[in-house]
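Residue numbers (our numbering): 44 to 644.
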């Protein structure tokens, strides 16, 4: 009998050993395989060695047969460190194991920082998840998760805190409530906060339990307090516990001025309140109903809130402030204390109308919309609203040149050239200019599309410079000696490498006393926008000496004046403007300039 029992035990051990060997062989064969551990498939095994081994150890059929739903559940619950497994933990919270529970988010983060999938999912990985992973929108108060823990769905459970945070960072409600939203909640959602008052802020005149600034809504005997544009006011909402007065509504009156004369101004409400409260801008016509407000804004927990600047007609307006939710007058339970303060500022800016005399030129591009010639601006923006609503770009400037300029400039021909003095600048407008065919039109690689003309009579001998540096369109410059009937080219330039701008030009040329030089400037032919527009033409001294015995005329204009005095003072204490030969610019040189004051001999 004993021999029989021993034989049975030996047989059992052999069976167990055989099963272990078979399982090990199966594991080796199936782990890892090509298919996901979180998807049902056949044959058994999955794509992660450690997860596959763990699951098949718990349930060998997952490697021997197929990887069914029970194998997927085991992987999901057991495989910490596998992207997408619940066991890995939330992508929006840090944990010791690598990876997180949402596969797409996990892969996106680990593409940025492989450490998050290879070592541990730390706070840096959590921060990456905040911007790399797509969350789902939420509604304040309806999302069940706490405002102080990160989660995939936007918003959080505390309505007031959630609204305050999302007013600062709308993505916290529109996408995931990530770690940055938690940080914001920790800063914002603090009961008993006090709004930050500016150093120049004024105070509401009305005291606690007084009702002296409301002429319309709760009381009708008050007088609205004057509110100064762009100056912050600090006010309070509330009443003593035993007070029989109604809710506290504060009314202010403000005058919106129009110094630029366009009839309007850009106005915004800037408001921050400790308790839930709102501010609204209304017409100052009788007791206008709150529903007629031009704009309104709400705040809670001292969050700075502001309306979008809006153009409104200049004139008189009222600003109404109340506790509660717009447009209801609430806050009846608010007590008079520092914890129920608000700050209010109405910011006012000019240049409301894009087409304004104070706007930049219509004939050069700029980042703001509109330009300075109202009729021209209106016509261009009528055809292309972006020119007023967006930016006045090169296309807008070109349209202005084609639409608004109807006659050629006065110096369109060489014989009508305008004089330039040394050191001067000319605002050149080449729109509607023509090409003087009788003159040579080629300058190196540049060909004039059209041109305007200037001249300079040299009062110095040496080298001068002519440039269009900073031009917004491609220019060509040429300098000639002689007459318009028979000009001789001195120098020319198409695109200077030492000049800022779009294809701007810069040319140096020699001058001799008394000689007359012709300057030709125009847009380059063959460009998409080649009709030109406005550009600054500058004539400067490179190295020359005065033709006149007038050494105090530093800028070679033929007159000793305030400009020369400024040059002397800038060189004070140095040899650069020494006129008396003592190697220093001092009081003797000042006397020299004053004695030479006026036209040079």
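All C-beta atoms in this analysis are idealised placements derived from N, C-alpha and C, irrespective of residue type, glycine included.
Residue nearest to residue 140 within the set 161, 150, 127 and 148 is 161 (criterion: CA-CA distance). Within 10 angstroms of the beta-carbon of residue 552 lie 16 or more other beta-carbons, which makes it buried. Considering only 280, 433, 529 and 566, the residue with the shortest C-alpha distance to residue 253 is 280.
Residue pairing by DSSP places residue 549 opposite 510 in a beta bridge.
Excluding five sequence positions before and after residue 555, the CB atoms of its chain that fall closer than 8 Å to its own CB belong to 501 and 504, given in chain order. Note: residue 325 is bridge-paired with 361 in the DSSP secondary-structure output. Short of 8 Å from the beta carbon of residue 231, and not among the five residues preceding or following it, lie these beta carbons of its own chain, in chain order: 204, 207, 208, 211, 344, 345 and 346. Within the DSSP secondary-structure output, residue 356 pairs in a beta bridge with 307. In terms of CA proximity to residue 213, 197 leads the group 128, 617 and 197. Under the three-pair Cβ rule at 8 Å, the stretch 331-341 does not count as touching the stretch 288-308. In the displayed model, residue 636 falls within a helix according to three-state DSSP. In the three-state scheme derived from DSSP, where H, G and I count as helix and E and B as strand, residue 139 is classed as coil. Restricting attention to 557, 507 and 623, the CA atom closest to the CA of residue 587 is found in 507. Ranking 382, 270 and 164 by CA distance to the CA of residue 239 puts 382 first. Contact between residue 495 and residue 578 does not hold, since the beta-carbon distance rounds to 10 Å and is not under 8 Å. In the assembly as shown, residue 625 is an exposed residue. Its beta-carbon has fewer than 16 other beta-carbons within 10 Å. Under the DSSP assignment, residue 229 falls in the alpha helix (DSSP H) whose first and last residues are 222-231. Below 8 Å, enough C-beta pairs join the stretch 478-489 and the stretch 515-533 to call them touching: three or more. According to the DSSP secondary-structure assignment, residue 599 is paired through a beta bridge with no residue.
About 4 Å separates the CB atoms of residue 342 and residue 316; that is less than 8 Å, so the two are in contact.
A direct Cα-Cα distance of roughly 29 Å separates residue 638 from residue 558.
Counted as a single uninterrupted DSSP element, the beta strand (DSSP E) harbouring residue 562 occupies residues 559-566. In the three-state DSSP reduction, residue 148 falls in the helix class (H, G or I). Taking 8 Å as the cut-off, the beta carbon of residue 423 is found no closer than this to the beta carbon of residue 397. Within 10 angstroms of the beta-carbon of residue 435 lie 16 or more other beta-carbons, which makes it buried. Contact between residue 191 and residue 217 does not hold, since the beta-carbon distance rounds to 20 Å and is not under 8 Å. As far as DSSP is concerned, residue 78 takes part in no beta bridge. Within the DSSP bridge table, the entry for residue 348 names 314 as partners. Per DSSP, the beta-bridge partners of residue 587 are 505. When DSSP states are grouped into helix, strand and coil, residue 536 belongs to the strand group.
Taking a 10 Å sphere around the C-beta of residue 515, we find 16 or more other C-beta atoms and assign the residue as buried. Take residue 257, set aside five residues on each side of it, and the residues of its chain with a beta-carbon closer than 6 Å to its own are 265, 292 and 294, in chain order. With a beta-carbon spacing of about 5 Å, residue 476 and residue 455 fall inside the 8 Å limit used to define contacts. Under the three-state reduction of DSSP output, residue 432 falls in the helix class. By the beta-carbon neighbour count (other beta carbons within 10 angstroms, threshold 16), residue 234 is exposed. Under the three-pair Cβ rule at 8 Å, the stretch 132-146 counts as touching the stretch 156-171.
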